[in-house]
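For the record, in the sequence shown the residue sitting at position 195 is 188 according to the numbering used here, with numbers rising by one throughout. Please read the structure below before turning to the comments.
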Amino acid sequence: MAKIEVNKQLEDIKKVASLNEGKNLKYCILTMGCQLNENDSEKLCGMMESMNYSKTENLSEANLIVFNTCCVRENAEDKLFGKLGEVKKYKEAKGTIIAIGGCMMQEKHIVDKLKQSYPFFDIVFGTHTLQEFPTDLYNVLCNKKRIEDVLDIDGDVIEGLPISRDDKIKASVTIMNGCNNFCSYCIVPYVRGRERSREPKDIINEVKKLAEQGYKEITLLGQNVNSYLRNEKEKGIEFEQYEGVNSFATLLRAINKIDGIERIRFVSPHPKDFTDDVIEAIRDCEKVCKLVHLPLQSGSSEVLKVMNRKYTKDQYLNLIEKMKKEIPNLTLSTDIIVGFPGETEENFEDTLDVVSKVNFEQVYMFIYSRRVGTPGDKMENQVPENIKHKRFDKLKQLVESQIAERNKEYVGTVQKILIEGRSKTNNNMLTGRTDSNKVVILEGNDNLIGKMVEIKVISEHMWYLKGEIKWQNIHLWCNTIYKLKKNIKIVFCFIV
Ligand code: SAH
Ligand code: SF4
Ligand code: F3S
């Protein structure tokens, strides 16, 4: 897949920026999807800020409202249509520009519905035309005409767009777009196209730049990260050799060497592609977190076959056994769908069985949602809604009881956490995460933000742990005292 230069886009960004100069315009973005979708939103924010719009969370004061949509489940659609109803009044009152982009716009029936029931939008753009947003906006501003900019063919890999990130400590880096797997319930391959990997050089340079900017944690993103570069190898596309990267495992190793980065996470790998070299890289790279998100979807081999997942219950469990042997302190999280067409009570029991055996750190649970155009939608043996909900509740109960038990095991242990900032729910507390991605809150000074510290867990709650800083972090305390009392030359630290 060709990589395109963004010169034209940068020119259009400048044109819109000069139209907007001195007008104090604002944008509001609503991001409705997964982490890839969030990362796309950061690129949209980068473009809008370069075009002289500043960010607001308040829809009513925005001059430009952008929806970055998702269509993986039905509730995402309900959310969009609900919000569109709400923004209509701003369009009518002050001519707010309404742009709708993202995965859902790749679905023709949805764009048709928009044109019929919500015809007040200005721009519709898809996943393959995100980089065209400045051009589309320029045309709307100049010609006041509605723009539909959706492509059915796979978009190019885009490098060099501006980006405005949400966080100062943690950053997401998309390493590949698209998916080749066609799980029979899933819409993603239809709306994101085939797998296209970014060049190793571009990824590594982006991470190096993030490290220079002070970022500490990197999450590598893709629908199937452990098939990074696979499509390119199959097609004979060769990239410039860069730091020995020729697979996902070697990419992890290369990023592990970047100074300043302290933690590396990745989502999502596919169990069928989890090769030994990836397991070894996770084991060997001290910065790679030992939490592996390994989507199960169903514990029943029969259902997995119809889902087109290409592994059985035993293969999944054996993979976990192998990983546990190789990787000390391994923890696991997963995604599970209940109520896939044809799922029997016995099939569902298999899912519960895997959950009981693995004892996941976290389980993201979903009720099966029919997606137009997928094989699952055409299956006749759909599970009735009430049964889906009953199974969901049963799974949730099991997961919550396991999490409660695991939380108790954390109390009294020492954990390394990366302090991310002030807690959103309690400004007096700092918040951070363990290697296993558990939220920890603790008392402490702002100086600790962005630092890795050792804490002792003192109590547990369902969705977070409470910790206190350990005296081993004395270098941080000294640093803090030193900064507060710059005129004191010698700092005495008493350890009680
Ligand atoms: N590529 C990733 C994630 C894809 S979407 C993976 O393969 O794991 C995130 C999750 O949404 C999936 O793992 C799946 O559990 C869930 N999901 C996808 N399609 C769904 C559907 N039609 N109904 C319910 N859940 C779905
Ligand atoms: Fe969807 Fe399966 Fe691809 Fe994940 S691997 S995005 S679940 S088709
Ligand atoms: Fe949704 Fe698209 Fe992500 S469908 S889950 S936003 S790839």
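Cβ coordinates follow ideal geometry from the N, Cα and C atoms, glycine included. Values in this document were obtained by computation on a predicted structure and should not be read as measured data.
For residue 302, the three-state secondary structure derived from DSSP is coil. Residue 290 sits in a strand when the DSSP states are folded into three classes.
In this chain, the beta strand (DSSP E) harbouring residue 413 covers 407 to 415. Within the same chain, Cβ atoms closer than 8 Å to the Cβ of residue 218 are found at 168, 169, 241, 259, 260, 261, 262, the five residues on either side in sequence being excluded. The criterion of a C-beta distance shorter than 7 Å is not satisfied by residue 452 and residue 444.
Residue 286 counts as buried, since at least 16 other C-beta atoms from the protein chains shown sit within 10 angstroms of its C-beta. Taking 7 Å as the cut-off, the beta carbon of residue 117 is found closer than this to the beta carbon of residue 98.
Contact between residue 293 and residue 306 holds: their C-beta atoms lie close to 7 Å from each other, under 8 Å. When distances are taken from the beta-carbon of residue 364 to the heavy atoms of the ligand SAH, the shortest one is below 6 Å. Residue 407 sits exposed, since fewer than 16 C-beta atoms from the chains shown fall within 10 Å of its C-beta. In this structure, the ligand F3S has no non-hydrogen atom nearer than 6 Å to the beta-carbon of residue 282. In the three-state reduction of the DSSP assignment, residue 445 falls in the strand class, which pools E and B.
When distances are taken from the beta-carbon of residue 176 to the heavy atoms of the ligand SF4, the shortest one is below 6 Å. Residue 422 and residue 389 do not touch by the CB rule: their CB atoms are close to 28 Å apart, not below 8 Å. For the pair residue 178 and residue 441, the Cα-to-Cα distance works out to about 44 Å. Under the 8 Å Cβ criterion, the segment 185 to 202 counts as touching the segment 230 to 237, having at least three qualifying pairs. Of the heavy atoms belonging to the ligand F3S, none sits nearer than 6 Å to the Cβ of residue 347.
Within a 10 Å sphere around the beta-carbon of residue 44 sit 16 or more other beta-carbons, which makes this residue buried. For residue 141, the three-state secondary structure derived from DSSP is strand. Distance from the CA of residue 417 to the CA of residue 434, rounded to the nearest whole angstrom, comes to 11 Å. In the DSSP assignment, residue 34 falls within the alpha helix (DSSP H) that extends over 28 to 43. In this model, residue 393 and residue 7 are separated by some 51 Å (Cα to Cα).
Residue side-chain check: residue 29 places its Cβ nearer than 6 Å to a non-hydrogen atom of the ligand F3S.
With respect to the 7 Å criterion, residue 374 and residue 335 are classified as neighbours on the basis of their beta carbons.
For residue 62, DSSP records a beta bridge to 95. Distances taken from the Cβ of residue 288 to the heavy atoms of the ligand SAH include one shorter than 6 Å. The secondary-structure analysis by DSSP pairs residue 2 with nothing; it has no beta-bridge partner. The three-state secondary structure of residue 55, taken from DSSP, is coil. Here residue 291 really is in contact with residue 344; their C-beta atoms are around 6 Å apart, less than 8 Å. DSSP places residue 21 in the strand class (E or B) of the three-state scheme. Relative to the Cα of residue 95, the nearest Cα in the group 27, 410, 88 belongs to 27. At a Cβ-Cβ threshold of 7 Å, residue 63 and residue 180 do not count as neighbours. Close CB contacts of residue 366 within its chain, under the 8 Å cut and outside five residues either way in sequence, are with 100, 180, 183 (chain order).
In this structure, residue 162 sits away from residue 200, with a CB-CB distance that is not shorter than 7 Å. Here residue 123 carries a helix assignment [DSSP, helix/strand/coil]. Counting along the chain, residue 210 sits inside no alpha helix (DSSP H); it lies in the beta strand (DSSP E) bounded by residues 210 to 214.
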